[in-house]
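Protein chains in written order, with my numbering: chain P, 1 to 458; chain E, 459 to 916. Even for Gly, the Cβ is constructed at its ideal location relative to N, Cα and C. Please read these numbers as outputs of a predicted model, since none were measured by experiment.
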């Protein structure tokens, strides 16, 4: 009786769908250190009724704050990693299946929405199980997914929307923003995008970039994984070898692999070059052992339904493959077993998303590009390259010169640089997953960007 | 009675001077997790009888192992930092005055000798209190100090000697080895030197290098403290500005300081750019508060009897300024109050020590040059520069190509590169004080170098 009453009262306050409300009486059972409302269910777009996007939504008590849609990358990786490892209200203590309160949850200043996309990822599914898609189809479907969100939660229609994420979400986000712009009649109040260690330029993450991933080589040389001698040789052949499959360039690539031994047997965490390669036994509650992908120079090559190399996944598999927890999150029986990353039949646009920036900037969409500065997967070197290119091509004035910024205790937090229409923030000693590695710095960064608070200088 | 007996039995086994034996019954009182013999006292050379070098010696039970003399740098910094923070048998738990056993003590494979040098440093003193010295005088006096060690501990005369240390010990060590070579009649069995983040080339640590410390700029640019734009500008003016005081170069240096704000008010640990700037209150047991030196681009500029910026010193001041502990270490009343670093009247050789390498190598002295790869004070960039120069000038063949090595758990530990007569080892994610930051890697490195054990490859 009490239970029914609470459901009614919560749904009355938040107007959210009662069927998706996560039972708050179970917080204690699952040792979740949280005392607010959360929803978990599916966004089921009218236009593509065979698509079922699983989402988790943590509304903030203060209704007028912005909504942040968070997307993880891959393609094929679940945004529940963002929710439960990075910037959600409760996250795992590193390398354990124990939840702790996230003091630096982005939910403290926003309504946080995590969606598993495209369908086939995590608990999201398509009726026929077909996961064939592309950048453009994903963007179109993500747009329908957003409309479905607003249909389910119409009271957030007037809130500002920020779309955030990392890695291949560097493609999902601008392509989705582009669809929103093109469909202005939907009146989605898109205000900004925040992309961490994201794929943007054609020289990053595309199939063609892999022939000779120059910015990764430069990053590894900067951090002394590659000798000075070889670095100079790479520099000489850069112009010739980028996007080039010819034998000479492939031989040079092979020399780099030999010198770095990154496809070898030792443990090296490509997502944080100074971090530990994290490989404890990861088991489901049923005792099934989940294999890690082998260490590779480019981890995107080998995400095949396994755990990406060196990743922290103990807590995720413990909870998200638990039948009780699955019920608790209102997961449909049609949803597959959850995996951190799934193999999709995915076609990438060889232009990546760099070409969309002029249009997005012209619309006044705020842009934060952030970079964990010790990530070897989508490294800071490539990001700086394309921002400089963009500045030059569009003749954008510098608003803030490159300078350090710092955290509350005055510890150096990284550097920033602002050109007209785009803020770049590096996060010192953070890898590919910035809000996981440097929670306080990531919190300050996202907060200050959204609310136009100047970053501490001195 | 039991006490007298133990003293006799220990001195009988080790033949060391009973007056310098540190009272083992007090280990428990001072919470020292150690059960072996240790000596603390003074080395008082015959040739310079007004010099009193304080030393701590931890002999190993196995008498035929090598002796390692460890020296910290500065000039002016105490080697007790090495003993109690880095590679001694018991060290402080970071940031606390609590001793713990050092699982990776170099004392496990050697007799460890720590000497505070030159006089004026730490507990070492000269009768007249005058601390005027130079590279050459220091080398000569360190040689006399070594003779005094062998007079005090003659049973180690036939053991192989390795001289190790970091930072400005990069000067103390080759200059001392040079004196040993020049005085071959003393029959000191010098076998090798091991230098971490050490001053070697004239472009590092000399007065003249400070006009335009190019390799620091390069290092900071590699790690994104400096913008790509400014980095390119520095690169263009490198040849002109190194060792050059002219206004244009000083202005460029000022631009770098402005962009990095490294002389600003925020906390940045120059000794480990990804580490915390460590500044808890440091107090003596009497409640005296010890001030930290202000954060500066070049911390060597401002060591004035204070704690170098961001350094861990809580335990050192707690113990080494404690009157009881001082008595326990057999410290003379003439010794000054202990300080981590002291200001000396010190004249540096503008040539540094690079010019000594051909001679030392010709004598077959083994050389290990190691580098914590995230140190901004004597960074890896400068070390690689002069090793490449040495290889070219002496036409030395490469013995091992640049390649990664790893620790026992297969985690990547850094890279190595061997030229005929010199082994270079980088230690990943270690700063200026390698054995403090990466104890296991430092242990493996020193052990493998001394005993000619190949470094793990796969």
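Where residue i falls, given that 16 or more other Cβ within 10 Å makes a residue buried
i                     : result
residue 218 (chain P) : buried
residue 111 (chain P) : buried
residue 487 (chain E) : exposed
residue 697 (chain E) : exposed
residue 911 (chain E) : exposed
residue 395 (chain P) : exposed
residue 362 (chain P) : exposed
residue 170 (chain P) : buried
residue 809 (chain E) : exposed
residue 340 (chain P) : buried
residue 364 (chain P) : exposed
residue 453 (chain E) : Outside the displayed span of chain E (459 to 916) sits residue 453 (chain E), for which this structure offers no information.
residue 154 (chain P) : exposed
residue 862 (chain E) : buried
residue 545 (chain E) : buried
residue 847 (chain E) : exposed
residue 830 (chain E) : buried
residue 499 (chain P) : Any answer about residue 499 (chain P) is impossible in this case: the structure gives chain P only from 1 up to 458.
residue 887 (chain E) : buried
residue 645 (chain E) : exposed
CB contact below 8 Å: residue i versus chain P
i                     : result
residue 831 (chain E) : yes
residue 686 (chain E) : yes
residue 535 (chain E) : no
residue 714 (chain E) : no
Assumed close pair residue i, residue j - CB separation to whole angstroms, cut-off 8 Å
i                     : j                     : result
residue 897 (chain E) : residue 267 (chain P) : Contact flag wrong, Cβ pair sits at about 18 Å.
residue 824 (chain E) : residue 650 (chain E) : 3 Å
residue 285 (chain P) : residue 309 (chain P) : Contact doesn't hold; Cβ gap of about 24 Å is too wide.
residue 450 (chain P) : residue 162 (chain P) : 6 Å
residue 604 (chain E) : residue 575 (chain E) : The pair is not a contact, with the Cβ atoms about 10 Å apart (cut-off 8 Å).
residue 917 (chain E) : residue 659 (chain E) : The requested residue 917 (chain E) does not occur in the structure, where chain E is confined to residues 459 to 916.
residue 43 (chain P)  : residue 115 (chain P) : 7 Å
residue 673 (chain E) : residue 662 (chain E) : 7 Å
residue 538 (chain E) : residue 881 (chain E) : With a Cβ gap of about 28 Å, residue 538 (chain E) and residue 881 (chain E) do not count as contacting.
According to DSSP, residues forming a beta bridge with residue i
i                     : result
residue 39 (chain P)  : P:21 and P:57
residue 577 (chain E) : Its beta-bridge partners do not exist; DSSP assigns none.
residue 67 (chain P)  : P:111 and P:161
residue 194 (chain P) : P:164 and P:368
residue 765 (chain E) : E:750
residue 134 (chain P) : P:347
residue 548 (chain E) : E:559
residue 877 (chain E) : E:856 and E:880
residue 872 (chain E) : E:863
residue 52 (chain P)  : P:125
residue 283 (chain P) : P:289
Where residue i meets chain E, residues with beta-carbon distance less than 9 Å
i                     : result
residue 222 (chain P) : 679, 680, 681 and 682
residue 410 (chain P) : 723, 724, 725 and 735
residue 197 (chain P) : The premise fails here: residue 197 (chain P) is roughly 13 Å from chain E at the closest Cβ pair, so nothing lies under 9 Å.
Contacts of residue i in chain E (Cβ-Cβ under 7 Å)
i                     : result
residue 400 (chain P) : Neighbours of residue 400 (chain P) on chain E: none; closest Cβ ~11 Å, over 7 Å.
residue 272 (chain P) : What residue 272 (chain P) touches in chain E: nothing, since even the nearest Cβ is about 10 Å away.
beta-carbon residue i near the ligand SAM non-hydrogen atom, thresh 7 Å
i                     : result
residue 700 (chain E) : As presented, the structure is devoid of all ligands, the ligand SAM included, so that no description of it is given.
Closer than 8 Å at the beta carbon, the chain E residues around residue i
i                     : result
residue 426 (chain P) : 682
residue 259 (chain P) : 859, 860 and 861
Contacts that residue i makes with chain P (C-beta to C-beta distance below 9 Å)
i                     : result
residue 875 (chain E) : 227
residue 842 (chain E) : 224, 227 and 228
Chain P contact residues for residue i, given Cβ-Cβ distances below 7 Å
i                     : result
residue 544 (chain E) : Chain P residues near residue 544 (chain E): none, gap ~20 Å exceeds 7 Å.
residue 838 (chain E) : 224
Below-8 Å beta-carbon distance, residue i vs any chain E residue
i                     : result
residue 429 (chain P) : yes
residue 388 (chain P) : yes
residue 406 (chain P) : yes
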